[in-house]
Each structure stands twice: as C-alpha cells, then as structure tokens.
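See below for the structure under consideration.
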Amino acid sequence: PMAAYELVSEIKKRFEVRLHLHCHATTGMAEMALLKAIEAGVDGVDTAISSMSATYGHPATEALVATLAGTEHDTGLDILKLENIAAYFREVRKKYHAFEGQLKGYDSRILVAQVPGGMLTNLESQLKQQNAADKLDQVLAEIPRVREDLGFIPLVTPTSQIVGTQAVLNVLTG
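Each residue of the sequence shown is one higher than the one before, counting from 1 in full-length UniProt numbering.
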C-alpha cells in the first residue's frame, strides 16, 4: 500500500498523466493499496462486484464505495444498486463453480513468491494437469529461487509464465 502511494505521488509530481491502478486481491493488500493510491491522486482503479471479487480477482467495488462515501473521493455509486448486481452475479457464479481455483481467502505465500494473480491460476492449472496439485507450496517456494537465477526479472507476461513453468519443472523433476 505504501509503495502504491509513493509511486502514484511521484509520477503525478513529475508528469502530467492520467494513472489507473490494477490490483489483484490475492494477498489482502489490494484494498489498502487502492485507498493509498486514491489518496495520492490516482485517476482510476479496478474493482469487481463483490460476488465476483477477491481471491484471484479484484477488490470488491462495494467495499471501496462504502469506504469513500462522504469523502472528497465519494464515487456517487448507489450501494443498494450494487447489491442488486452482486446478487445477480452470485447466482451466475454458481454455474461456473467447477472452474474456481483452490484459493478460498487471502494467500500470504504470495507476498514472498510475488506471484501475480493470473500466474497463480496458471500454476494451479499446470500442476493439476500433471496430477501434482499438492505441490503448489513447493512451486511457490521455488519461484524466488528461479527469479534469483534469472537476475530477479519482473513477473509480468511473458516472464511470469517462463519463471512459473521453470519452477514447476524444477519441483516435478527434482
């Protein structure tokens, strides 16, 4: 969260640009990062309706709307209308339960492995295909070692997929 504040503040100080922040809720820090970025002057943030939010996705829209209500950053969105949308998508989500990932809450392992949300679902899929879903903890522990071997490259596409695949291979092949 403090890094988001510092980054947005410095960019806004130095450049006349619009900034938009995209965070995944995997570690439980996204809500705080969004709030600090808003305080620093970010122009937009990504959220998801509560029934489709958290875990691998974005922070809940309703939580941010309620947090900002009555402040200079009030969104003006109607929380009751948002609840109607959330109720609709709660039902829709039930139809796709088979595609849900393993994550059921926040995952502090990601703070160490620094795995982006999309990468985590890809790792789960790779391991499941190899009948090794129980090896996720080992793969997450292997990722920082692979990153170190590669000079601490950032985990963004395509490097995140390369690092993740190498970590899976290292764990599966010993």
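Ideal Cβ placement from N, Cα and C applies to all residues, glycine included.
Source: prediction; values computed, not measured.
query: So is glycine 151 buried or exposed if we call it buried at 16+ other beta carbons inside 10 Å?
result: exposed
task: Counting only the same chain and skipping the five closest in sequence on each side, list residues whose C-beta sits under 6 Å from that of asparagine 170.
output: Glu142
- prompt: When burial is assigned at 16 or more other CB atoms within 10 Å of the CB, is aspartate 149 buried or exposed?
  reply: exposed
task: Assuming residue 178 contacts glutamine 114 (C-beta within less than 8 Å), just tell me the rounded distance between them.
output: The question about residue 178 has no answer here: the residues shown for the chain are numbered 1 through 174.
task: Would you mind giving the Cβ-Cβ distance between glutamate 62 and leucine 80, rounded to the nearest angstrom? I have them listed as a contact below 8 Å.
output: With a Cβ gap of about 10 Å, glutamate 62 and leucine 80 do not count as contacting.
- request: Give the straight-line distance between the Cα atoms of leucine 111 and leucine 77, rounded to the nearest whole angstrom.
  value: 32 Å
- request: Using beta-carbon positions only, say whether glutamine 126 and threonine 165 come within less than 8 Å of one another.
  value: yes
query: Are the beta-carbon atoms of aspartate 46 and histidine 58 separated by less than 8 Å?
result: yes
- request: State the beta-bridge partners of alanine 48 as determined by DSSP.
  value: Ala60
In chain order, each alpha helix (DSSP H) run of at least 4 residues that lies wholly inside the segment 101-153: 109-113, 117-129 and 136-149
message: Could you compute how far the alpha carbon of alanine 98 sits from the alpha carbon of valine 8?
response: 38 Å
- prompt: For leucine 77, which three-state DSSP category applies?
  reply: coil
field: Neighbourhood of isoleucine 49 by C-beta distance below 8 Å, restricted to the same chain and skipping five residues each side
entry: Ala60, Thr61, Glu62, Leu82, Ile85, Ala86 and Phe89
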